[in-house]
Amino acid sequence: MTELMSSGIELMFAGMSIVFLFLTMLVIVINVMSGLIQRYLPDEEPVSSISIPVAQNTATDTSYIAAITAAVHQYRSTH
Amino acid sequence: MTELMSSGIELMFAGMSIVFLFLTMLVIVINVMSGLIQRYLPDEEPVSSISIPVAQNTATDTSYIAAITAAVHQYRSTH
Amino acid sequence: MTELMSSGIELMFAGMSIVFLFLTMLVIVINVMSGLIQRYLPDEEPVSSISIPVAQNTATDTSYIAAITAAVHQYRSTH
Amino acid sequence: MENLTSLWHSTGIYNFTAGQAFMMLVGFLLLFLAIKKGFEPLLLLPIGFGAILSNIPVAGIAEEGGILHFLYYGIKLGIFPLLIFMGVGAMTDFGPMLANPKTLLLGAAAQVGIFASLIGALALNVIPGLEFSLKDAAAIGIIGGADGPTAIYVASKLAPDLLGAIAVAAYSYMALVPLIQPPIMRALTTEAERKIEMKQLRHVSKVEKIIFPLTLLLLSILLLPSATPLVGMFAFGNLMNACGVVDRLSQTAQNELINIVTIFLGLAVGSKLSAEAFLQVKTLGILALGAVAFAIGTASGVMMAKLMNRFSDTPINPLIGAAGVSAVPMAARVANKIGLESNPHNFLLMHAMGPNVAGVIGSAVAAGVLLSLIK
Amino acid sequence: MENLTSLWHSTGIYNFTAGQAFMMLVGFLLLFLAIKKGFEPLLLLPIGFGAILSNIPVAGIAEEGGILHFLYYGIKLGIFPLLIFMGVGAMTDFGPMLANPKTLLLGAAAQVGIFASLIGALALNVIPGLEFSLKDAAAIGIIGGADGPTAIYVASKLAPDLLGAIAVAAYSYMALVPLIQPPIMRALTTEAERKIEMKQLRHVSKVEKIIFPLTLLLLSILLLPSATPLVGMFAFGNLMNACGVVDRLSQTAQNELINIVTIFLGLAVGSKLSAEAFLQVKTLGILALGAVAFAIGTASGVMMAKLMNRFSDTPINPLIGAAGVSAVPMAARVANKIGLESNPHNFLLMHAMGPNVAGVIGSAVAAGVLLSLIK
Amino acid sequence: MENLTSLWHSTGIYNFTAGQAFMMLVGFLLLFLAIKKGFEPLLLLPIGFGAILSNIPVAGIAEEGGILHFLYYGIKLGIFPLLIFMGVGAMTDFGPMLANPKTLLLGAAAQVGIFASLIGALALNVIPGLEFSLKDAAAIGIIGGADGPTAIYVASKLAPDLLGAIAVAAYSYMALVPLIQPPIMRALTTEAERKIEMKQLRHVSKVEKIIFPLTLLLLSILLLPSATPLVGMFAFGNLMNACGVVDRLSQTAQNELINIVTIFLGLAVGSKLSAEAFLQVKTLGILALGAVAFAIGTASGVMMAKLMNRFSDTPINPLIGAAGVSAVPMAARVANKIGLESNPHNFLLMHAMGPNVAGVIGSAVAAGVLLSLIK
Ligand code: NA
Ligand code: NA
Ligand code: NA
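Residue numbers (the working numbering), protein chains in the order written: chain A, 97 to 175; chain B, 97 to 175; chain C, 97 to 175; chain D, 53 to 427; chain E, 53 to 427; chain F, 53 to 427.
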């Protein structure tokens, strides 16, 4: 019984610590993220860029394949 | 063959009896139910009571837990 | 390796032959079908016949059971 | 070259058996009836297509590993018919029946069709080559219930081999109700009886509609638990609709969910239309008995109405007795139509809806009896 | 005659046990609460009906071969709660929380209710006849998370036997939030505190709403992978909605799919309301601890808000702390209502939505901790 | 303390492998392409998210007991791709193709891409470290079919290990059609050819649209039963839509049902994007061969159109040949756009829809050949 209760209490402290740690970090990360977005991606740009038709994105096709290629090479070279 | 047929006939009588018994009882029960509802729960009341917001049902919360509690105790005491 | 490659090439010729054979036959069949439909079932008739209520199809009920009956008998007689 | 031979050996032409070809024709016939004749297309179209797919040589679409094989588990485990029954329950309005509960007895009488054709199936055993067990006979009889999911549920439990033929017969005769019923109805009634006007139905309150499915379920629990899978799911759907507080669930149950399950169920039923199972003299027996069941059910409903008129002072138009076979809402519409022929001011539709939905309950009860007594 | 005896022996009346009758009453009680009192009807109606169906004698609807048995696999395998969580994610707007991220801490504080009732469950072991293992206690504690799918997911993993009682308690107390929370909120705050007006929330851009679910998932991956099934499906649903390029998927996830799964989940939860599992003193403990968990969670949220006001110059109305327990959106509405009583110009609803959805994240994190540490 | 160590050992940070981290990046890349670049978002968003979820250390979401593991059964058993194909069939209008059936040959020609890349895959075996079996090569070739469900269906049967990379390549290149095709189309056609105006399409009657899916199925049954699971479900969906008597089933098949299955299929495909399966030189080969397949398919379609113009007096604008690869409706739109550049009064869209949907049939036929000949 006392052993069970002590695991429970340990669990409580571990649990609440992690919950607070997690949500505190989330607060920090959101603040950083929102700051970066508001600075570099103010609201007009993204909304419109999302709705532009695919056919206009001429720049990204090659970079896309290049990115996967690079990822595979990097993985290969480290294994 | 004749045995099979006699089970079939027996099944027919049992079956139709139960169907009639069941639906006759349903007629009776519906008549009783409708009578009770028309007398004690005439149409205006239920329609509106169903749409009232939850926040107003102050009376039922404790009775609800009490009901389950009572059910559990009664079960325990009979087993 | 060469064996694998030769199966691949064989597969390519078989595959493209079948694809062309299949789609060529489909062209022929569509032409025949469209010709027949345009001749015997011009557009007015089918559109309206599809929307007529079931109750009017007095002619088909018996022919339907007769058709299944015939199918079963024919099957039975050939097996 | 080898490839070409191997390809030729893998064609349908090379591998076709006569039975498969026949069954495929049956499948096309069902599609024709569904599309061109409007016979219960929601079910007969998927069933017909399933019949075609499952009889394709080599492909094995209805065999282990094929999609129809997997879909059939939904029937085998009893899930699909019960979900359809839930959706049908959500679509059903018991108002007309609650306004005139004695019409429930018409729904009871019409179930005579079930048991009469059960006896008929057993009697057919005198014909050499026909061997119907009690389970087979019961599964055939349930065609007379004129209710698709009930027939499929019972057949899947008692006689899975006959499932294809039974489902096809049940839905076909439901579509043929406007042809089967009128002559019987006219033969058994006088012009005066057909002219009977019924008094307007009273308003049924929302509370009654909420309490009814629970009452029905409770009665079924007390008297006939073996019917509660069917009655329970039906009552659940009906309660979701009647109570008004879970409209999004009720809408989904009677639209998207029932549509999805109907597609799957139809294809899966079609997968039971294999040559071995369907191309048997048994099938002719099933088709004949199904017609008998519908005819007897119709006649029993009408006669019951006439009998009730002897003992009651609020008269019942005996035409609505024919609606007791279920086949919702077709049978009710037929009663209305025949009634209008004799009396153009007499609208029987709502009056016929009472026995019509009572017939659904009646056949679910009969199904419970069969499932409970036949081991 | 034999048939009649056999029929009588197959009736519900003959076979009923007292436990089944009691549980059926509990089922009807849940239906009453759902329909008449409006207690979380979307869940409590199917749960109540499932309870009735699964306690029908003879029928075996919740046993091997019955439909509820098959539906329960959706819970056992963890699929249904996760799909519901996906749909809830698609319905959730994180805008208010992103506009004022420090309200996340209120969602953290309210999780004290989970662990306090976990300790409480272990403490109840002193009562003879009560034996809660650590797994049981954790599953009971999660009721304090005030989030249905999380509670069902955790209970199905840690204490499937208690699932029925835990789910019923969780949804019931969520429905009772307007009764449980106000007295606690009033007791712990001064009139001046309740009058605090909060500054208007800034506009949150679409990009922020798209990035947020990914951020949340990433943090969960790095710190607490055991929470990622829950957090991941939630984030997936949220991303589908926020990104705006897969609207047809998002709409289906938050409508038809979640409705279908809700029907199945509810019935399946109900199938765990068997007499043996539910009619135990344990159930009383679970009900009591659930109430304690909600109360402590509410109090912790309020106290946390008051604590934060000591260290911050932009004041928080402590009433919104109570919304940290989740119970979306009921708890936020309660905070708004109590706030309006003290200051009729102070609309707290949007401010309370922040801690409210933060509470969902908080309880998913707590669930991850429990699933990870309890073996 | 012990708890803390145990918690630390259960974090993602502690357990991450380089491969998992890489694959998670690939997942985020797919999300970026889906959301920001609009690359086939309906599939690439769930696939990308599935890739992230399945590479989370410790959580085991794609392993025995995890939700993605269960969802993958829908692919493994071939159910999901066939249901999607049914929905696509219900969405497809064969009118333009029936009005000008010879455009079917363009859809045939474009399948050269499939077999050319199959040969290419076998040729790549000369590179050390690359070992493609005939099954692998066939599964890779099917990328050239430019049809998602067909590719997934074939890959799940022939090379499940390559499924993730193949599905990603197929959908990515379908999204890249507006970039891959135009240069090839311009290089192979003269300005005069691109200016060719085609005569207006005749009206196609409803009966023709009803008969066509049955004709297609019948031909497939006779010649190539191994293609009938794909062709059959496609024809079933198309018939449901064309016949007009089962609109509620057709609507559900092309909306809610396909949406639900798309979510599940996407997540399940993503679960095959594990480091071991994806981070191989093979993947580079697959990506390269996929691009080759699309390019060769496009070129073959265009050249076939030019060839047909030599033997026919009703000229075909060779640009619509490029639409024969499928990638419905993207490729048809590309043909229309390039056509308008040369002749602003020439609207090719409807003319290009013929070869476009013919390409779907063509690749299903090619899939049947591969499934039938490769054992
Ligand atoms: Na009936
Ligand atoms: Na919570
Ligand atoms: Na194609």
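Quick reminder that beta carbons are idealized off the backbone N, C-alpha and C, glycines included.
*Give every residue of the same chain whose Cβ lies closer than 6 Å to the Cβ of F:Ala114, excluding the five residues on either side of it in the sequence, and list them in chain order.*
The count along the sixth sequence starts at 1 and reaches residue 114 of chain F at position 62. Excluding sequence positions up to five before and after F:Ala114, its CB lies within less than 6 Å of the CB of Ser106, Leu120, His121 and Ser323, all in the same chain and listed in chain order.
_Measuring alpha carbon to alpha carbon, tell me which residue in D:Lys209, D:Ala198 and D:Gln233 is nearest D:Val220._
In the fourth sequence, the residue the question calls residue 220 of chain D occupies position 168. Of D:Lys209, D:Ala198 and D:Gln233, the residue nearest in Cα terms is D:Ala198.
*How would you label F:Val256, buried or exposed, when you count the other beta carbons within 10 angstroms and need 16 or more for buried?*
Residue mapping note: residue 256 of chain F aligns to position 204 of the sixth sequence, counting from 1. With 16 or more Cβ atoms within 10 Å of its Cβ, F:Val256 is classed as buried.
_Among the candidates E:Phe264, E:Lys209 and E:His61, whose CA atom is the shortest distance from the CA of A:Phe133?_
Within the first sequence, numbered from 1, the residue matching residue 133 of chain A stands at position 37. What sits at residue 133 of chain A in the sequence shown is Ile, not Phe. For the set E:Phe264, E:Lys209 and E:His61, the Cα lying nearest the Cα of A:Ile133 is the one of E:Phe264.
*Return no unless some Cβ of chain B is closer than 9 Å to the Cβ of D:Thr202.*
Within the fourth sequence, numbered from 1, the residue matching residue 202 of chain D stands at position 150. Output row for D:Thr202: interface = no.
*Is F:Val412 near ligand 3, with its Cβ less than 8 Å from a heavy atom?*
Locating residue 412 of chain F in the sixth sequence gives position 360, where the first residue counts as 1. Taking non-hydrogen atoms of ligand 3 into account, the C-beta of F:Val412 is found less than 8 Å away from one of them.
_Assuming D:Val262 is part of the alpha helix (DSSP H), what are its boundary residues?_
The residue labelled residue 262 of chain D in the question sits at position 210 within the fourth sequence. Note on identity: in this sequence residue 262 of chain D is Ile, with Val being the wrong assignment. First-last of the alpha helix (DSSP H) with D:Ile262: Lys258 to Leu275.
_Residues of the region 347 to 362 of chain D in Cβ contact with chain F at a cutoff of 9 Å, in chain order, please._
Hits within the stretch: zero.
*asked:* Quick check on this structure: which residue in D:Gly196, D:Leu214 and D:Leu268 has the alpha carbon closest to the alpha carbon of D:Gly351?
replied: Position 299 of the fourth sequence, counting from 1, holds the residue named residue 351 of chain D. Rather than Gly, the amino acid found at residue 351 of chain D in this sequence is Ala. Ranking the options by Cα distance to D:Ala351, first place goes to D:Gly196.
*Is there a Cβ from chain D that is less than 9 Å from the Cβ of F:Ser208?*
In the sixth sequence, counting from the first residue as 1, residue 208 of chain F sits at position 156. For F:Ser208, the closest Cβ of chain D is not nearer than 9 Å.
_So, with DSSP's three-state summary, where would you put F:Phe303?_
As a working note, residue 303 of chain F is residue 251 in the sixth sequence. Just to set this straight, residue 303 of chain F is Gln in the shown sequence, not Phe. Reduced to three states, the DSSP call for F:Gln303 is helix.
*Excluding the five sequence neighbours on either side, which residues of its own chain have a C-beta within less than 7 Å of the C-beta of D:Met402, listed in chain order?*
Here residue 402 of chain D refers to the residue found at position 350 when the fourth sequence is read from its first residue. Shown here for D:Met402: same chain residues with a beta carbon closer than 7 Å to its own, the five before and five after excluded, namely Pro148 and Leu253 in chain order.
*asked:* With a threshold of 9 Å between beta carbons, is E:Leu286 in contact with chain F?
replied: Walking along the fifth sequence from the start, residue 286 of chain E turns up at place 234. Before going further, note that residue 286 of chain E is Phe rather than Leu in the sequence given. Using a Cβ-Cβ cut-off of 9 Å, E:Phe286 does not count as an interface residue toward chain F, since no Cβ of chain F sits closer than that to its own.
*Could you check what DSSP says for D:Gln163 in three-state terms: helix, strand or coil?*
Position 111 of the fourth sequence, counting from 1, holds the residue named residue 163 of chain D. When DSSP states are grouped into helix, strand and coil, D:Gln163 belongs to the coil group.
*From E:Ala173 to F:Asn67, what distance separates their C-alpha atoms?*
For this step, residue 173 of chain E is matched to residue 121 along the fifth sequence. For this step, residue 67 of chain F is matched to residue 15 along the sixth sequence. Computed Cα separation, rounded: 33 Å.
*asked:* Tell me the DSSP secondary structure of D:Thr280 in three-state form.
replied: Counted from its first residue, the fourth sequence places residue 280 of chain D at position 228. If DSSP states are grouped into helix, strand and coil, D:Thr280 belongs with the helices.
_Which residues in chain E have a C-beta closer than 7 Å to the C-beta of A:Gly104? List them in chain order._
The residue given as residue 104 of chain A occupies position 8 in the first sequence. Those within 7 Å of A:Gly104 in chain E are Leu170, Ile171, Leu174, Leu186 and Ala189.
*Is it buried or exposed for B:Val128, if we count other Cβ within 10 angstroms and need 16 for buried?*
As a first step, residue 128 of chain B is located in the second sequence; it is residue number 32 there, counting from the start. Around the CB of B:Val128, fewer than 16 other CB atoms lie within 10 Å, so the residue is classed as exposed.
*Three-state secondary structure assigned by DSSP to F:Ile372*: Numbered from its first residue, the sixth sequence carries residue 372 of chain F at position 320. Note: F:Ile372 maps to helix in three-state DSSP.
*Determine, using beta carbons only, whether F:Leu105 comes closer than 9 Å to chain E.*
As a working mapping, residue 105 of chain F is identified with position 53 in the sixth sequence. F:Leu105 belongs to the set of residues whose beta carbon lies under 9 Å from a beta carbon in chain E.
*Length of the line joining the Cα atoms of D:Gly117 and D:Gly284*: If you number the fourth sequence from 1, residue 117 of chain D lands on position 65. If you number the fourth sequence from 1, residue 284 of chain D lands on position 232. So the alpha carbons of these two residues sit roughly 33 Å apart.
*Give a yes or no on contact between the region 133 to 142 of chain D and the region 353 to 370 of chain D, applying the rule of three or more CB pairs nearer than 8 Å.*
No: fewer than three Cβ pairs fall under 8 Å.
_Secondary structure of F:Leu77, DSSP reduced to three states_ = For the purposes of this step, residue 77 of chain F is taken as the residue at position 25 of the sixth sequence. F:Leu77: helix per DSSP, three-state reduction.
*Beta carbon of F:Asp213: closer than 8 Å to some heavy atom of ligand 3?*
Taking the sixth sequence and counting its residues from 1, one reaches residue 213 of chain F at position 161. In terms of side-chain proximity, the C-beta atom of F:Asp213 is found no nearer than 8 Å to any non-hydrogen atom of ligand 3.
_Chain-ordered chain D contacts of F:Glu393 [CB-CB under 9 Å]_ = Translated into positions along the sixth sequence, residue 393 of chain F becomes position 341. Neighbourhood of F:Glu393 in chain D, by CB distance below 9 Å: empty, with the nearest CB roughly 43 Å away.
_Would you call the region 181 to 192 of chain E in contact with the region 200 to 215 of chain E, where contact means no fewer than 3 C-beta pairs closer than 8 Å?_
Contact between the region 181 to 192 of chain E and the region 200 to 215 of chain E is present: three or more C-beta pairs spanning the two stretches fall below 8 Å.
_Status (buried if at least 16 other CB within 10 Å, exposed otherwise) for D:Thr69_ = As a working note, residue 69 of chain D is residue 17 in the fourth sequence. Around the Cβ of D:Thr69, a 10 Å sphere holds fewer than 16 other Cβ atoms; the residue is exposed.
*asked:* Can you find the residues in the same chain that come closer than 8 Å, C-beta to C-beta, to D:Ala347, ignoring five residues on each side of it along the sequence?
replied: Along the fourth sequence, one-based indexing puts residue 347 of chain D at 295. Within the same chain, D:Ala347 has close Cβ partners Gly165, Ile232 and Ile236.
*If you measure from the CB of D:Val78, is any heavy atom of ligand 2 nearer than 8 Å?*
In the fourth sequence, counting from the first residue as 1, residue 78 of chain D sits at position 26. No, the Cβ of D:Val78 stays beyond 8 Å of every heavy atom of ligand 2.
*For the alpha helix (DSSP H) holding F:Pro148, just list the boundary residues, first then last.*
Here residue 148 of chain F refers to the residue found at position 96 of the sixth sequence. Annotation for F:Pro148: the continuous alpha helix (DSSP H) segment containing it runs Gly147 to Ala151.
*Is the Cβ-Cβ distance between E:Ser169 and E:Ala279 less than 9 Å?*
To locate residue 169 of chain E, count along the fifth sequence from 1; it is residue 117. To locate residue 279 of chain E, count along the fifth sequence from 1; it is residue 227. Not closer than 9 Å, so no.
*Answer with yes or no whether the minimum CB distance from F:Glu116 to chain C is below 9 Å.*
Counting from 1 along the sixth sequence, the entry for residue 116 of chain F is found at position 64. By this cut-off, F:Glu116 is not an interface position.
*Which residues in chain E sit within 9 Å of F:Ser62, going by Cβ to Cβ distance?*
Against the sixth sequence, residue 62 of chain F aligns to sequence position 10. Going along chain E in sequence order, the residues near F:Ser62 (Cβ under 9 Å) are Leu276, Pro277, Ser278, Ser424 and Leu425.
*Does the Cβ-Cβ distance between D:Val333 and D:Leu182 come in under 9 Å?*
Taking the fourth sequence and counting its residues from 1, one reaches residue 333 of chain D at position 281. Taking the fourth sequence and counting its residues from 1, one reaches residue 182 of chain D at position 130. Cβ atoms of D:Val333 and D:Leu182: closer than 9 Å.
*Three or more beta-carbon pairs under 8 Å between the region 371 to 380 of chain F and the region 412 to 421 of chain F, yes or no?*
At 8 Å Cβ cutoff, the stretches touch.
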